[in-house]
Each structure stands twice: as structure tokens, then as C-alpha cells.
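Residue numbers (this note's numbering): 3 to 513.
All C-beta atoms in this analysis are idealised placements derived from N, C-alpha and C, irrespective of residue type, glycine included.
Take a look at the structure below.
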Ligand SMILES: [Mg+2]
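Below, the structure written as C-alpha cells:
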């Protein structure tokens with residue numbers, strides 16, 4: 003009986019093969035059809051599987067995300083940066099900074115008047131890019147210091163992959179070119195600067211606009227000189243920006259109904275509050291009065307302005323000084339204790355800790371700059387840290403789009419299909435694989451464009467976390483798009499990090 007079944011089944015298979023062979027006309031043709039059919043049915047099977055998969059649930063836009071476990075019960079003291087942490091700016095701030103920087107370039111640095119016609123391009127740059135000051139190239143790096151192809155610009159012109167390889171000879175940038183271990187190294191080798199805060203987005207746009215103008219008009223320029231001039235013109239125009247914003251805060255700062263509520267809740271829970279900002283007092287005072295009310299200072303136990311972070315966190319000795327609010331002048335007295343209601347400036351974190359007794363894990367400090375706000379306090383002083391990343395709103399809205407979810411899902415599955423079939427050597431099969439690779443490139447670009455046409459997501463390159471997000475995850479215990487999102491959690495909440503999938507662990511189609 004069994005033998006009969008075997009004979010019938012093998013006869014059936016043979017006749018089917020013969021039929022296919024006849025259809026294809028000859029042995030070679032038969033093999034070709036067979037191998038292509040095999041790949042095509044594998045493709046179709048995985049496509050069907052992808053279409054039948056349920057898409058992941060939307061990510062909560064106002065959620066707080068944990069990189070590290072953080073128990074708020076242990077936090078007795080809440081510290082805050084001001085710009086882009088408590089005060090979130092409207093797009094009008096980007097235009098103001100850009101226009102002032104451009105004006106300073108023309109008036110103080112004697113750049114051609116024609117650059118006055120170069121307008122701000124919203125959405126050109128994103129935070130976290132690197133600028134190669136020697137070569138005049140703006141580019142996005144991943145956490146392995148690999149260049150993300152397709153996100154490399156000279157002026158406003160994208161460089162092709164071949165051009166990038168011609169310039170850098172490699173797709174990985176040597177670490178000494180990006181990160182300095184000592185100050186000596188900083189001058190000798192480090193030729194890339196990272197633009198890690200939101201104030202630097204209009205700065206990068208001006209830099210690229212002017213470089214493009216020089217290129218188009220065949221004007222020779224040294225990229226490093228242009229970089230330093232643009233940087234200095236932004237720095238020089240900051241005091242003017244402060245004055246303009248002070249006169250009309252609501253034109254530039256987004257209203258926040260919830261901020262006062264948030265502070266009320268912290269005070270009611272017996273938490274101490276402090277502010278450490280690099281901005282000057284008058285500027286902060288106007289903004290906080292709009293955001294919280296004229297009594298905003300009552301919420302804070304310590305207020306330090308013009309702190310010069312990151313030096314505030316790194317310098318060993320620099321006296322803390324008192325600013326006399328009434329006369330608007332600085333006072334020369336030695337500060338022996340920190341008093342509520344007084345305004346201090348400069349100083350160091352050591353003095354803040356010594357005079358308050360606030361230490362280590364009982365302090366949670368929020369800032370928007372992963373390095374100058376968060377790196378030193380967590381690495382040197384063991385403070386807990388929270389990052390306020392405004393771009394998360396746009397990033398999560400994009401992640402929640404159905405077309406994005408479908409593309410991300412399919413990209414992952416198609417990549418796996420390619421990985422499993424890549425070793426076939428037949429030229430016909432190779433052609434099918436090349437077609438798959440082309441499709442994969444197409445989806446990868448689509449996934450990138452939806453975040454930002456030039457540079458993609460702030461957090462991801464094609465496959466890896468960006469250089470920016472690696473640093474962010476290293477230095478921030480939690481991160482969220484707005485400080486008031488914490489109102490969605492109790493003051494005793496514990497944030498738990500998600501158990502991520504490591505390469506050797508179970509696979510997940512959607513990461
Ligand atoms: Mg800030």
C-alpha cells in the first residue's frame with residue numbers, strides 16, 4: 003500500500019516536471035523557470051503574510067519614554083533648563099534667529115549684501131547633524147559613526163554616494179575626527195561639530211544657504227571661515243534676539259496652560275524646584291511671567307541665570323554671584339547661602355550641591371541639550387535626567403501614519419527575505435534579488451522622506467539609531483516631547499524601560 007502511494011506520488015511529480023519542462027522548452031529553460039518560480043512564490047508568500055499582519059498600535063504622542071528605570075518617589079528635587087525645556091518656541095523664533103544672523107553677517111562681517119535675499123528654509127535641517135568644518139559638508143551620522151548616504155549636503159546640494167566616498171574614502175568616519183578626548187585633540191583632529199540644540203537649526207540653514215550662494219557665484223571661500231563667521235554672527239545677535247523677544251513674548255513662545263499646574267503639583271508634593279539656565283535674567287523673567295504668571299519665582303528654591311553650561315557643570319571653581327533685580331546690576335558679595343527669591347548667576351554645580359545638600363539620585367534635571375544639560379550631571383554627579391525633545395511630536399505623528407507602518411513592516415520582512423535567499427548563485431536568481439534590493443532601497447527612501455526630505459528622522463538612520471539618539475539614550479533616563487506630559491503620571495510613578503530585542507534574541511518584525 004505504502005509502496006503504491008510512493009509510486010503514484012513520484013509518477014505525478016515526474017509528469018508535472020515533464021509538463022513544465024515542455025512548457026519551458028528544454029532543460030536550461032526548465033531550470034530557469036524553476037528557480038525564478040521558487041523566488042517569486044517565496045516573495046508572494048511573505049507579501050501575503052505582511053498584508054495579513056495587524057499593524058502596531060499608535061504610539062501615545064504625550065507619553066514619557068524610559069531609557070532607564072526611574073522611580074519618581076526617590077526624586078526630592080526637580081531642576082530645569084529654560085530654553086526649549088520650559089519655554090518652547092514658535093517657528094517665528096527660527097526666522098528671527100536666521101534673519102538676525104544674516105543681518106550680522108552683512109553688517110559686521112561685511113558679507114555681500116546679496117545674501118540678504120537668501121530666505122530661511124523651514125524644514126531644511128534637523129537637530130543632531132554634524133558639520134565638517136574643514137570640508138564644508140553637513141551630514142548625518144549613525145551610532146557607529148557611519149555616514150547616512152543620501153543625507154550629505156554641500157551647501158544646498160546633495161552629494162552622491164560616489165562623491166561622499168571620494169571625499170571621505172570610507173563610509174565610517176574615524177572617531178578622532180568627531181570626538182575629542184582631550185582639549186589638545188580638539189584643536190588637532192576634531193573637524194566635525196555636532197549641532198545638538200534647536201537654536202542651531204536656523205544656524206545650519208544660514209550656513210548652507212551662504213555656502214550655496216558662494217558656490218553658485220564662483221566665490222572662493224574657506225568652509226571653516228564661513229562656519230566661524232556664521233557661528234559668531236549668531237552668538238553676537240543673541241542679545242538683540244533677547245531684547246526683541248522680551249518686548250513681545252507671546253509672538254515667540256508657545257503658551258502652556260499646564261505648566262503652572264505642573265509646578266503646583268510638584269510643590270504640593272513637597273518637591274524642591276530650581277532653575278539653571280544660560281539665558282539672562284530679563285529674558286527669562288518675561289518668558290516665565292507669560293508662562294506661569296508674575297509670581298513665577300515663588301515656585302523656585304534656587305534660580306541661577308547666565309550659568310554658562312556646560313561649564314557650570316564641569317568647572318571646579320567659579321564663584322556664584324548675586325544679580326540685584328531692583329537695580330539690574332551685579333553684586334560683588336561672597337555668596338554663603340542660596341536664598342529663595344534671589345537671582346544668582348554663574349557659579350558651579352559643586353556650589354549648588356554644597357549649599358543645598360541636594361545630591362545624586364534625589365535630583366532630576368530636565369534639559370533639551372543631551373550634552374550641555376544632561377551628560378555631566380549624570381556621568382559626574384549621578385543626577386537623574388530627563389530630556390525634552392520637541393521634535394518627538396512630529397516623529398511620533400509620522401510613526402503613527404498607516405502608510406509608514408505598512409512600509410516599515412514590509413521593509414523589515416523584505417530585508418529578511420533577501421537575507422534568506424541571497425546565497426543563490428544562478429544569474430537569473432541574482433536578477434530577481436537585484437529587483438528586491440531595488441524595491442528595498444525605494445521603501446527605505448520613502449521611510450526617510452516622511453520625517454524630513456533631506457535628512458530623515460532625528461532618531462534613526464536607515465537601520466541604526468543616529469549618533470544623536472545614541473547620546474540621548476546614554477544621558478537621559480527619560481525623554482518626552484514636552485515637560486507638561488509628566489502631568490499624565492503621578493508624582494510617585496516609576497518609569498520602566500522596555501526590554502529591547504538584542505540581535506541574538508527572538509526576532510521581531512517591527513522594532
Ligand atoms: Mg535649553
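Short Cβ contact (7 Å threshold) for residue i with residue j
i           : j           : result
residue 460 : residue 393 : yes
residue 423 : residue 199 : no
residue 83  : residue 279 : yes
residue 113 : residue 120 : no
residue 470 : residue 130 : yes
residue 327 : residue 305 : no
residue 518 : residue 480 : Residue coverage of the chain in this structure runs from 3 to 513, which leaves residue 518 outside it and unanswerable.
residue 431 : residue 41  : yes
residue 153 : residue 142 : yes
residue 268 : residue 302 : no
residue 486 : residue 264 : yes
residue 196 : residue 174 : no
residue 390 : residue 63  : no
residue 70  : residue 467 : no
residue 288 : residue 248 : yes
residue 401 : residue 478 : no
residue 428 : residue 43  : no
Residues sharing a beta bridge with residue i, DSSP
i           : result
residue 326 : 331
residue 79  : 274 and 365
residue 295 : Its beta-bridge partners do not exist; DSSP assigns none.
residue 269 : Residue 269 pairs with nothing; no bridge assigned.
residue 132 : 141 and 196
residue 87  : DSSP, once it has assigned bridges, lists no residue as partnering residue 87.
residue 160 : 155
residue 47  : Its beta-bridge partners do not exist; DSSP assigns none.
residue 591 : Coverage of the chain is limited to positions 3 through 513, which leaves residue 591 absent and any answer about it impossible.
residue 68  : 480
residue 462 : 467
residue 73  : 496
Exposed unless 16 or more other CB atoms sit within 10 angstroms - verdict on residue i
i           : result
residue 405 : exposed
residue 508 : exposed
residue 482 : buried
residue 159 : exposed
residue 331 : exposed
residue 505 : exposed
residue 205 : buried
residue 73  : exposed
residue 403 : exposed
residue 309 : buried
residue 157 : buried
residue 25  : Residue confidence is low: residue 25 scores 46 on pLDDT, short of 50, so the model does not pin down where it sits. Its coordinate-derived value is still stated next. Residue 25 should be labelled exposed.
residue 454 : buried
residue 334 : exposed
residue 27  : Bear in mind that a pLDDT of 47 at residue 27, under 50, signals an unreliable position, so the number given afterwards is only what the model happens to contain. With fewer than 16 Cβ atoms within 10 Å of its Cβ, residue 27 is classed as exposed.
residue 436 : exposed
residue 211 : buried
residue 239 : buried
Limits of the beta strand (DSSP E) - the one that residue i falls within
i           : result
residue 153 : 149-156
residue 139 : 139-143
residue 305 : 304-307
residue 389 : 386-390
residue 346 : 345-348
Residue span of the alpha helix (DSSP H) that contains residue i, given as start and end
i           : result
residue 482 : From DSSP, residue 482 is part of no alpha helix (DSSP H) but of the beta strand (DSSP E) over 480-482.
residue 252 : 251-254
residue 447 : 429-451
residue 213 : 202-218
residue 474 : 469-477
residue 174 : Element bounds for residue 174: n/a, residue is neither H nor E.
residue 317 : No alpha helix (DSSP H) holds residue 317; DSSP gives it neither H nor E.
residue 360 : Element bounds for residue 360: n/a, residue is neither H nor E.
residue 379 : 378-383
residue 93  : 93-109
residue 414 : 404-423
residue 398 : 394-401
Cβ separation of residue i and residue j, assumed to be a contact under 8 Å, to the nearest whole Å
i           : j           : result
residue 292 : residue 246 : Their Cβ separation, rounded to whole angstroms, is 15 Å, which puts residue 292 and residue 246 out of contact at 8 Å.
residue 79  : residue 360 : 5 Å
residue 351 : residue 315 : 5 Å
residue 413 : residue 446 : 6 Å
residue 386 : residue 354 : Contact doesn't hold; Cβ gap of about 16 Å is too wide.
residue 228 : residue 103 : Not quite, the Cβ-Cβ distance comes to about 12 Å (not below 8 Å), so this is no contact.
residue 321 : residue 362 : That belief does not hold up - the Cβ atoms of residue 321 and residue 362 are roughly 24 Å apart, past 8 Å.
residue 57  : residue 411 : 7 Å
residue 135 : residue 193 : 6 Å
Any chain D beta carbon closer than 7 Å to residue i
i           : result
residue 114 : Of the protein chains in this structure there is only one, and it is not chain D.
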